[in-house]
Every structure is written in structure tokens, then in C-alpha cells.
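Enquirer:
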Amino acid sequence: MNNWYAGTTPYLRILFLGLCVMIGTNRLSADDASIRLVDETVAGPGMMKAFRDASVTVTASDGVARLAPFEYRGAWLGNRISGKVKFSRDLWGKVSFDIGQAAAHGAEVYVYSLQDGAATWNGKPLAFNTYEHSGGWRRALIDAAWLRAGVNELVMSNGFLLAQDADAMPARHSLVSTNGGAGWSVAKQGEFLVRLRLLRHPATGTIHSDVIDMAGVESIDPHFIPRVDLDSIVISKQGKTPAGTACSLKSRSGTTPRPDASWSDWNEANPPARRYVQWQVTLATTDPLLTPELASVRVEALGTVRARAEAWGATLVNHDTTRIVRTGLPYRYQRPSEKLQRLRTQFRLDEVVAAGKTDFERLILLRNWVRRQWPCNDDGSGVRTWDAIEILQAGENQHGMCVHFATVFYQCALALGYNARPVILTNHFVADVWSDEHRKWILMDVESVQREGFKRYGTAHYVRADDHTPLGLLELHHLVQATFTAGAGLVTGVVQRYTVDTNGVQHAERSEIRSPDELRIFKRFALPERNDFLDQLEPWEVMHGMDYYRSDAHIWWLGVDDLSRELQFSRVTEREGDLFWTVNEVQLSTTTGTRPNTLEVLAATVTPNFKCFSVRFDAGPWNPMEGTGDDPDERLQAIEWPLHPGENRLAVRSVNRFGREGRPSEVVVHLAGPVP
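In this note's numbering, the protein residues as written are 237 to 912.
1. Between G807 and A840, what straight-line distance do the alpha-carbon atoms span, to the nearest angstrom?
2. Can we count L390 as close to the ligand FMN, meaning its CB is less than 7 Å from some heavy atom?
3. Using a Cβ-Cβ cutoff of less than 7 Å, which residues in the same chain neighbour A642 once the five nearest sequence positions on both sides are dropped?
4. Just verifying my parser: in three-state terms, what is the DSSP assignment at Y698?
5. Short of 6 Å in beta carbon distance, which residues of its chain neighbour V655, apart from the five on each side in sequence? Order them along the chain.
6. Assuming F596 is part of the alpha helix (DSSP H), what are its boundary residues?
7. Any chance the region 812 to 829 sits against the region 708 to 717, with 3 or more Cβ pairs inside 8 Å?
8. Take the Cβ of D298 as the centre, count every other Cβ of all protein chains shown within 10 Å, and call the residue buried at 16 or more, exposed below.
9. Residues bridged to I749 by DSSP?
10. Pick out whichever of S393, F428, W677, D768 has its Cα sitting closest to the Cα of K575.
11. Closest to R939 by C-alpha separation, out of Y734, Q609, H555, V541, would be which residue?
12. Please determine, among E902, E821, V842, the residue with the shortest C-alpha to C-alpha distance to D947.
13. Per DSSP, which one or two residues make a beta bridge with N503?
14. If you follow the beta strand (DSSP E) that V903 is in, where does it begin and where does it stop?
15. Quick one: Cα of Q823 to Cα of R562, how far?
16. Nearest to G310 by alpha carbon, out of Q804, L432, S270, S410?
17. Here's the rule: buried if 16 or more other CB atoms are within 10 angstroms of the residue's CB, otherwise exposed. What is M680?
18. Do N833 and W548 have their CB atoms nearer than 8 Å?
19. One question on the structure: do G539 and L273 come within less than 8 Å of each other, judged by their Cβ atoms?
20. List the endpoints of the continuous alpha helix (DSSP H) containing L330.
21. So, with DSSP's three-state summary, where would you put R687?
22. Just mark I749 as buried or exposed, buried being the case when its beta carbon has 16 or more other beta carbons within 10 Å.
23. DSSP puts V541 in a beta bridge; with which residues?
24. Pull up the CB-CB distance for Q804 and Y512, whole angstroms please, since I reckon it's below 8 Å.
25. Which partner residues does L763 have in the DSSP bridge list?
26. Mind checking who H714 pairs with in its DSSP beta bridge?
27. Secondary structure at C612, three-state DSSP: helix, strand or coil?
28. Can you tell me whether L726 is buried or exposed, with buried defined as 16 or more other CB within 10 angstroms of its CB?
29. Are there three or more Cβ pairs, one per stretch, closer than 8 Å when the region 644 to 652 is compared with the region 583 to 600?
30. Report back the beta-carbon spacing between K330 and L397 to the nearest angstrom; my notes put them in contact at under 8 Å.
31. Name the two residues that bound the continuous beta strand (DSSP E) containing P658.
32. Measuring CB atoms only, is the region 732 to 742 touching the region 614 to 626, in the sense that at least three cross pairs come out at less than 8 Å?
33. Return the bridge partner residues of F720 from the DSSP annotation.
34. Looking at the structure shown, is S498 part of a helix, part of a strand, or coil, going by DSSP?
35. Do the CB positions of I461 and S487 come within less than 8 Å of each other?
36. Which of the three DSSP states is assigned to W230 in this structure?
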């Protein structure tokens with residue numbers, strides 16, 4: 237054996253590799269022919285995974301991207317309200333909406349008011365009604381013929397109890413009149429909380445791919461990548477563009493695994509032949525009643541294979557890794573802080589979970605402890621902020637409701653180093669926590685929705701009926717939605733693990749099969765766009781817990797039909813990865829090295845509060861590696877892996893700043909014969 241493996245300690249050589257496609261080194265032969273290295277068509281389910289803004293939807297039934305069938309007017313969020321106005325003959329209100337073209341199939345106007353009232357749209361009388369999931373909102377339908385180009389006016393002359401946005405004052409679109417509409421003045425307490433939903437397509441929207449690795453040779457295991465020279469990359473699209481619509485394709489490329497300043501600019505021409513590529517399609521229309529259709533995008537790459545690890549006698553035995561799922565939306569994570577540490581120590585959270593043998597058991601112990609901190613909804617519901625310390629220190633009967641139970645749980649979980657976040661349901665509030673064991677987000681219904689448990693410390697999570705694995709929110713949503721669609725009397729695919737005081741026994745666990753009506757709250761859900769409310773409270777939905785949801789700052793899941801959507805909110809997504817991205821996972825890609833018997837491994841992770849990678853060769857010690865990248869939570873590490881005869885193991889995991897280690901990913905390679 238040569239001196240690469242001399243001594244009793246395995247030779248480790250770790251360096252940052254350029255990770256570009258190597259050119260002209262170690263050619264297999266002088267006349268290697270150019271071959272098709274990549275031929276990937278994104279369509280159907282693949283199109284569903286592409287990143288897109290809220291102006292583009294991808295229909296699940298056919299996987300075709302189109303401009304969304306709706307657009308919103310009314311940009312004020314509604315986080316804080318300055319008061320509620322009741323209209324009468326002595327006080328009228330008006331909201332103006334500039335809609336540009338008049339073309340639309342119709343419209344819907346939503347007012348944040350528990351009370352009905354009299355109103356007109358451009359002089360036409362409106363009838364406001366509640367709907368299945370209206371909460372504190374009321375809706376009126378507007379006929380397409382009532383719309384006009386430019387400014388349209390909603391005039392409210394009687395009734396309502398309409399909120400005003402305290403963060404949007406003085407108002408620009410809301411006016412009041414004290415003389416029956418003869419004269420108007422600015423609504424000084426802020427914009428009236430009114431939203432307009434136009435049933436038409438927006439003018440433009442964008443959809444784009446994640447980074448594509450052009451070295452993934454067709455028909456070769458993508459986890460064991462040969463070293464190649466790229467000759468050309470061709471990207472094309474298929475779809476339909478009715479008159480007045482367009483689909484514009486652009487692409488860019490680079491030598492680094494994530495886009496940075498070294499990448500080429502977005503261009504309509506085919507990108508330079510570099511290892512990493514992205515495509516982007518802009519859909520546009522000049523007629524709001526028409527949309528282009530993007531059916532597929534094809535990416536082809538021609539090049540030459542220069543070296544394969546198989547030629548050295550290397551065999552990929554096992555590749556136990558994952559593919560990172562990224563969100564296309566910004567999310568702000570809670571950082572380690574003095575206040576977070578205070579929460580952990582002051583309430584002795586390590587002792588609370590000490591009896592747990594696994595992380596999931598510890599999280600159940602934490603949830604049950606949180607649920608016992610006060611009996612049930614109390615007078616604190618309308619005044620407590622989203623701050624676990626404030627909630628826990630509140631006086632008797634001043635703690636809060638489901639919002640505050642879930643807030644205490646997820647912030648305590650964060651203090652212990654877990655990844656957790658708040659989740660909004662229609663008329664309820666729960667928490668998500670990432671489970672390394674189950675490799676997904678798990679829903680915790682901290683103050684269970686079942687009323688019989690309100691004063692008996694009821695709390696719950698949900699498992700699959702077949703294998704009893706814990707359910708995430710989206711899985712639960714789909715199972716409940718399917719039950720409603722089928723008209724079944726019970727959600728038989730879901731078992732509620734319901735923990736409630738029973739016959740003097742604290743937290744006795746029961747398994748319950750619930751009706752769809754009992755679980756209907758899981759039909760609609762949203763995520764706040766951050767989980768750092770403990771340190772940065774503002775902006776937040778003030779008085780949430782007393783009022784219904786009104787803020788347009790949250791990201792709502794765009795369900796399969798109007799009955800599973802919150803139509804009054806404009807920020808929506810139908811891409812699963814936007815809300816259910818992966819964390820703490822390490823994705824490994826293994827490329828043939830520039831030297832014989834050497835592999836180049838790229839480790840990638842999205843780990844909130846990333847500290848380092850931890851790497852182990854064979855049965856050796858775990859060694860820290862800092863990782864690279866501009867994003868503090870998304871990091872890369874290039875590893876040169878010299879192989880020895882026999883079995884070679886490489887394991888990589890992420891570690892966060894709280895010291896929590898993620899699930900290891902592992903590659904096992906067998907190398908035949910002696911190292912030359």
C-alpha cells in the first residue's frame with residue numbers, strides 16, 4: 237500500500253474543490269465521442285416541483301403551468317387595527333380600486349366585518365354573505381358587467397363593523413363622508429380592511445427550476461457521477477400561446493453548485509456549457525381572460541465522459557442520502573439569543589424532557605408539559621403576545637388560548653435546539669416540529685381541538701392508521717380532504733393520539749378515529765413567514781386570539797378547490813416544498829475524482845443555525861468541517877475521498893449551533909484490488 241494510507245490513522249485530505257467540470261484531464265482515449273449526458277424533461281409532477289411566484293399555478297391534473305386565475309387588489313396587510321367603523325346615514329365609507337383593464341370573469345369583494353351592511357359597487361347594490369370558512373370576513377359577488385376600466389368604487393352607507401389598518405395611515409384608497417357622499421375626506425385611522433379578488437389572470441408570472449447538475453450522465457446512477465467535459469447545453473419548451481400571450485424562456489449556468497456572482501446572466505440564448513444550470517420561464521398576457529400554457533421544459537447536454545470510477549474497480553454499494561427540498565419563499569429563523577437561553581434555563585426545559593429516550597418522546601413530554609401550564613382558553617386570549625416567557629409568566633386566568641399553547645411549545649422546542657414553527661389553521665393554531673427520526677415536519681395539536689378535553693388538558697398528535705407513523709400537516713390535510721370528497725363518515729386513515737386526563741390519570745393516551753367534521757379545521761392552513769417572534773415580535777397579528785385571522789402576511793396553502801382555500805388572502809402557494817422544505821438533512825453527490833481511486837463528494841444541507849458539518853471516514857472519528865456559502869443556513873462542503881481496497885464508508889451529518897446533530901447520510905463504495 238502506498239503512503240496515502242500509511243500509519244494507523246486514515247489519511248484525510250479535505251479541501252474546497254472548484255466543483256467545475258474538468259477539461260481535458262485524464263482522457264480515456266483520444267477519440268472519445270460526444271454523447272448525450274443529460275436529457276431531462278420537466279413536465280407533470282416535475283413541473284409541480286418547480287419554483288414559482290403566486291401569479292403562476294400548476295394544475296395537478298395535467299402538470300401544466302398557467303397564469304393564476306385570480307389577482308388581488310388591496311395591498312394593506314391588516315396586522316394591527318386602529319378601530320372598527322359602523323356606517324350610518326351620517327357616516328359613509330368608500331374604498332377605491334384601480335384595476336386597469338375592465339376585463340374579468342367577475343370579482344369578489346371581502347370586508348373584515350362580523351356585521352352585515354349596505355354597499356354598492358360602482359352604484360350597483362351588493363349582497364354580502366358569510367361562507368363556509370369566512371371567519372370574520374364577509375363576501376359579495378360582483379358581476380363582470382359592473383367592472384370598469386381604471387378606478388372602481390365600493391361605497392358603504394350603512395351597517396358593517398369594519399376594521400381599519402393602523403399600519404396604513406393616512407389612507408390612500410379609503411375615504412369617509414359625513415354628508416351622504418356629497419363630499420369625501422381621507423380616512424385618517426387607516427385603510428378600511430377590504431380586499432378585491434378579480435377573477436382573471438395577472439399580467440405576468442415566473443416559474444423556474446432548481447439548479448440542475450449537467451454531469452448526471454443519462455442511464456448512469458446519478459449518485460455516482462463520472463467526470464465529463466461539456467460541449468453544449470440546449471434548453472427548449474413546449475406549450476401554447478394564444479394571441480396576446482407569451483412564454484419567454486431564459487437560462488443561466490455556472491461552475492458552482494449554487495448561483496453566485498460567477499454565474500452567467502439570465503439570457504434567452506442557450507447557456508454556456510458549464511456544470512450547473514437553471515431555467516426560467518416568464519408567462520405573460522395582454523388579455524386578462526387568456527393565459528399561456530407551459531407544458532414542459534427540456535434540458536439536453538452533450539459532452540464527453542473522461543473518467544468513471546468503475547474503471548478503477550469502484551462499485552457503489554449503498555447511497556443512503558436524501559434530496560434537499562427547498563422553499564422558494566423567504567423564511568426567517570429564530571437565532572440563538574439571550575432570551576431563548578433564558579426560556580430554556582428559567583423553565584428548566586432540559587429537566588422537562590429528560591425522561592425521553594428518543595427526540596420524539598422528548599417532544600411529546602415537552603408538549604404535555606406545556607399543555608399543563610394553564611387549564612384552557614382564558615381571559616389572556618386577546619392580550620398575550622406571541623412570546624413564550626410573557627405567556628408562562630402571566631397571572632392566573634391571563635395566559636391565552638390555542639395560539640399561546642402552540643407558541644409556548646414551538647418556542648420551547650427552539651430553545652432546546654429543535655426546529656419548530658407556528659402553524660395557522662382556520663379557527664385554530666398549532667405547531668410543527670421537525671423530526672430527524674421521521675425525516676419530516678410533525679404536527680402538534682398542543683391544545684387539542686376537541687372541546688371535551690379543554691378543561692382536562694387535552695392535547696394530541698396524529699398518526700397513520702396503517703403503520704402508526706406520525707403525520708405531518710399536509711398528509712393530514714390530504715386525508716381529511718379525501719374523506720370529505722368521498723362523503724365518508726369517519727377519517728379512517730387517521731388515528732388521533734389524544735392525551736387527556738381520564739379517571740384521575742394525567743395525560744392518559746387514547747386512540748380516536750374522528751369524523752371529518754371534527755377534523756375540518758385541517759382543510760385550510762397557513763405558515764407565518766418566520767419563527768423568530770420571541771426576539772422580534774413586530775410585525776405580528778395584534779389581538780389574534782380575540783379577532784379572526786385578518787393579516788395578509790401569512791402564506792396559505794392553495795387547496796384543491798374553493799372550499800379548501802382561504803379566498804380573502806392573496807399570499808398563497810400550491811408548491812409543497814414552499815411550506816414543507818427539508819431541514820437537517822445532508823445531500824451527497826459523488827463524482828469521479830481527478831486522480832485514480834479518488835472521489836469528490838459534495839455535501840449540501842439546509843440546517844437552520846448551521847454550525848458545521850461532521851464527517852467520518854470508515855470507523856474513524858467524527859471531524860468538524862465549517863462548510864461554505866453566503867447563506868448561514870444553507871451550506872456546502874467539498875470533500876476529497878481517497879479510496880482503499882475493500883469497503884469504504886463516508887458519513888456526513890449537519891450540526892446546529894445548539895449542538896444538535898442531524899441524521900447522517902452515508903455512501904458506501906467497494907474498491908477492488910490494491911491501490912496502485
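Glycine included, C-beta positions come from ideal geometry on N, C-alpha and C.
Expert: Put simply:
1. It should be pointed out that residue 807 corresponds to Arg in this sequence rather than to Gly. Cα to Cα, R807 sits roughly 29 Å from A840.
2. The ligand FMN is not among the ligands present in this structure, which contains no ligands whatsoever.
3. These residues qualify, in order along the chain: P658, F665, V666, A667, V682.
4. Strand, per DSSP.
5. A quick correction: the sequence has Asn, not Val, at residue 655. Within its own chain, the residues whose Cβ lies closer than 6 Å to the Cβ of N655, once the five positions on either side in sequence are excluded, are W670, V819, P844, listed in chain order.
6. The continuous alpha helix (DSSP H) containing F596 extends over residues 595 to 607.
7. In this structure the region 812 to 829 touches the region 708 to 717; the number of beta carbon pairs closer than 8 Å is three or more.
8. D298 is exposed by the Cβ-count criterion.
9. Residue pairing of I749 in beta bridges, as defined by DSSP: absent, with no partner found.
10. When only C-alpha atoms are compared, the closest one is D768.
11. In the structure as shown, the chain starts at 237 and stops at 912, and residue 939 therefore has no counterpart that could be examined.
12. It is not possible to answer for residue 947, since the shown part of the chain is limited to 237 through 912.
13. Paired residues: S487.
14. V903: member of the beta strand (DSSP E) spanning 901 to 907, first to last residue.
15. Approximately 12 Å, taken between the alpha carbons.
16. Nearest C-alpha to G310: L432.
17. Its Cβ being crowded by 16 or more others within 10 Å, M680 is buried.
18. With respect to the 8 Å criterion, N833 and W548 are classified as neighbours on the basis of their beta carbons.
19. A contact, by the Cβ cut-off of 8 Å.
20. A small correction: the amino acid at residue 330 is Lys; Leu does not occupy that position in the sequence shown. Per DSSP, K330 lies in no alpha helix (DSSP H) segment; the continuous beta strand (DSSP E) that holds it begins and ends at 328 to 334.
21. Three-state DSSP puts R687 in a helix.
22. Its Cβ having fewer than 16 others within 10 Å, I749 is exposed.
23. According to DSSP, which records beta bridges pairwise, V541 is partnered with V464.
24. The pair is not a contact, with the Cβ atoms about 41 Å apart (cut-off 8 Å).
25. Answer is I791, bridged to L763.
26. H714 is bridged by DSSP to nothing; it lacks a bridge partner.
27. C612 falls in the coil class under three-state DSSP.
28. Exposed is the call here.
29. When C-beta atoms of the region 644 to 652 are compared with those of the region 583 to 600, three or more pairs fall below 8 Å, so the two segments count as touching.
30. Not quite, the Cβ-Cβ distance comes to about 17 Å (not below 8 Å), so this is no contact.
31. According to the DSSP assignment, P658 belongs to the beta strand (DSSP E) that extends over 656 to 661.
32. At 8 Å Cβ cutoff, the stretches do not touch.
33. Partner(s): none; F720 has no beta bridge.
34. Coil, per DSSP.
35. No. Outside cutoff.
36. Any answer about residue 230 is impossible in this case: the structure gives the chain only from 237 up to 912.
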